[in-house]
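For reference, the structure discussed in these notes is given below.
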Amino acid sequence: MKKYIYFILPMILTVLILNGCKTINNNADDYSLELTELNYDDIKDKLIRFHVIANSDTDEDQNLKLKVRDKVVEKLSEKLINVNSLEEAENVLQENIDYVNEIAKEVIKENNYTYEVNTMLSYENFPDKVYGDYVFPQGNYEAFRVIIGEGKGQNWWCVMFPSLCFVDESKNSVDSSDLKEEIENIEPKNTEITNEVKEKNEESSYANNGVKFKFKIVEVIKGILD
Numbered sequence: 001m002k003k004y005i006y007f008i009l010p011m012i013l014t015v016l017i018l019n020g021c022k023t024i025n026n027n028a029d030d031y032s033l034e035l036t037e038l039n040y041d042d043i044k045d046k047l048i049r050f051h052v053i054a055n056s057d058t059d060e061d062q063n064l065k066l067k068v069r070d071k072v073v074e075k076l077s078e079k080l081i082n083v084n085s086l087e088e089a090e091n092v093l094q095e096n097i098d099y100v101n102e103i104a105k106e107v108i109k110e111n112n113y114t115y116e117v118n119t120m121l122s123y124e125n126f127p128d129k130v131y132g133d134y135v136f137p138q139g140n141y142e143a144f145r146v147i148i149g150e151g152k153g154q155n156w157w158c159v160m161f162p163s164l165c166f167v168d169e170s171k172n173s174v175d176s177s178d179l180k181e182e183i184e185n186i187e188p189k190n191t192e193i194t195n196e197v198k199e200k201n202e203e204s205s206y207a208n209n210g211v212k213f214k215f216k217i218v219e220v221i222k223g224i225l226d
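This is the structure:
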């Protein structure tokens, strides 16, 4: 019996190792090997994020969130198409809060739900987020948020200004090749952020300048070993 065990055990270990290598390779294919981390101080006052927050994390509520997202992005893209400054984008979004609320409510009603919708343009603190090939550092960003119902579910987000929101299935990989250049070309806001927000920004911003590189494959391997 022991002879069989000594014979079979190496085979089992070999299979496990090969499967582990395959998993690593698959994960490596799913992610870019290098992610460029943007400098928080360089971008914090030059963009507007867009977030749609689901009522909950049930499959039904998450699917509803995506339907609301599709319709809102479609309609807002039409209004932001010729907008070239951050201030102008803010004005357009602020003026269309009620319009977006009605769009979202219509989608919700069509799908037989009765959730309320709360849409706002505000500064919010967000964790590190990967967008295409870029990492947006944790910090306070201006965001146009559509909150469905209790807003306790996972959110979907994109960069609304400059306009980089893609919802077409053919563009499920974000085309962020020109993102850094587009953001750098935007003039920062002239208005001052409140002292409280500034203090939070300073706490969450990175001390280094320029660009940092992260090797995603290392994170993948670490996740497998943990």
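Counting in the numbering used here, the sequence shown runs from 1 upward without gaps.
No residue lacks a Cβ here, since even glycine has one placed at the ideal position from N, Cα and C.
These numbers were taken from a predicted model, which means no experiment stands behind them.
1. Could you tell me which residues DSSP puts in a beta bridge with N125?
2. In the DSSP assignment, the beta strand (DSSP E) including I53 goes from what residue to what residue?
3. Can the beta-carbon of I97 be found less than 9 Å from the beta-carbon of K71?
4. Look at the Cβ atom of L93, then the Cβ atom of L66, and state whether they are nearer than 9 Å.
5. Specify the secondary structure class of N118 as computed by DSSP and reduced to three states.
6. If we call anything under 9 Å between Cβ atoms a contact, is M143 one with E116?
7. Which one or two residues does DSSP pair with V146 in a beta bridge?
8. Using DSSP bridges, identify the partner residues of Y131.
9. Buried or exposed: P127, going by 16 or more other Cβ atoms within 10 Å of its Cβ?
10. Would you tell me roughly how many angstroms separate the C-alpha atoms of K129 and R69, rounded to the nearest one?
11. Shortest alpha-carbon distance to I183 belongs to which of E34, L35, I48?
12. Is N155 helix, strand or coil when you go by DSSP?
13. Assign K46 to one of two classes, buried (16 or more other C-beta atoms within 10 Å of its C-beta) or exposed (fewer than that).
14. Taking N140 and T119 to be in contact with their CB atoms under 8 Å, please state how far apart those CB atoms are, rounded to whole angstroms.
15. Whole angstroms is fine: what's the gap from E90's alpha carbon to A54's?
16. Relative to the alpha-carbon of L86, which residue among R145, K44, N155, T36 has its alpha-carbon at the smallest distance?
17. Could you name the residues of the same chain whose beta carbon sits closer than 7 Å to that of N172, not counting the 5 residues immediately before and after it, in chain order?
18. Going along the chain, which residues of its own chain have a beta-carbon closer than 6 Å to the beta-carbon of R145, five neighbours each way excluded?
19. Give the straight-line distance between the Cα atoms of D41 and E110, rounded to the nearest whole angstrom.
This is what the structure holds:
1. Along the sequence shown, one-based indexing puts residue 125 at 125. Here N125 is bridged, per DSSP, to N140.
2. Here residue 53 refers to the residue found at position 53 when the sequence shown is read from its first residue. Where I53 is concerned, the enclosing beta strand (DSSP E) stretches over 48-53.
3. Along the sequence shown, one-based indexing puts residue 97 at 97. Along the sequence shown, one-based indexing puts residue 71 at 71. In this structure, I97 sits away from K71, with a CB-CB distance that is not shorter than 9 Å.
4. The residue given as residue 93 occupies position 93 in the sequence shown. The residue given as residue 66 occupies position 66 in the sequence shown. Not a contact, by the Cβ cut-off of 9 Å.
5. Position 118 of the sequence shown, counting from 1, holds the residue named residue 118. In the three-state reduction of the DSSP assignment, N118 falls in the strand class, which pools E and B.
6. The sequence position of residue 143 within the sequence shown is 143, counting from 1. The sequence position of residue 116 within the sequence shown is 116, counting from 1. For clarity, residue 143 is Ala in the given sequence; the question names Met instead. Judged by their CB atoms, A143 and E116 are not nearer to each other than the 9 Å cut-off.
7. Residue numbering aside, residue 146 sits at position 146 when the sequence shown is read from its first letter. V52, T119.
8. The count along the sequence shown starts at 1 and reaches residue 131 at position 131. DSSP output for Y131 lists Y134 as bridge partner(s).
9. Locating residue 127 in the sequence shown gives position 127, where the first residue counts as 1. An exposed status is given to P127, since fewer than 16 other beta-carbon atoms sit within 10 Å of its beta-carbon.
10. The residue labelled residue 129 in the question sits at position 129 within the sequence shown. The residue labelled residue 69 in the question sits at position 69 within the sequence shown. For K129 and R69, the distance between alpha carbons rounds to 18 Å.
11. As a working mapping, residue 183 is identified with position 183 in the sequence shown. Per the C-alpha coordinates, the member of E34, L35, I48 positioned closest to I183 is I48.
12. The sequence position of residue 155 within the sequence shown is 155, counting from 1. Looking at N155 - three-state DSSP - the assignment turns out to be strand.
13. Taking the first residue of the sequence shown as 1, we reach residue 46 at position 46. Residue environment for K46: buried (at least 16 other C-beta atoms within 10 angstroms of its C-beta).
14. Indexing the sequence shown from 1 puts residue 140 at position 140. Indexing the sequence shown from 1 puts residue 119 at position 119. Not a contact, Cβ separation roughly 19 Å.
15. On the sequence shown, residue 90 is found 90 positions in, with the first residue counted as 1. On the sequence shown, residue 54 is found 54 positions in, with the first residue counted as 1. Spanning the two alpha carbons is a distance of roughly 23 Å.
16. Numbered from its first residue, the sequence shown carries residue 86 at position 86. Ranked by how close their Cα comes to the Cα of L86, the residues R145, K44, N155, T36 have K44 in first place.
17. Taking the sequence shown and counting its residues from 1, the one referred to as residue 172 is at position 172. Reliability fails at N172, whose pLDDT of 44 lies under 50, so the model's placement of it is uncertain and the value that follows must be treated cautiously. Only residues of its own chain outside the window of five on either side were considered, and among them none has a CB closer than 7 Å to the CB of N172.
18. One-based indexing of the sequence shown puts residue 145 at position 145. Correct list, in chain order: H51, M120.
19. On the sequence shown, position 41 is the one that residue 41 refers to. On the sequence shown, position 110 is the one that residue 110 refers to. If I take the Cα positions, the gap works out to 42 Å.
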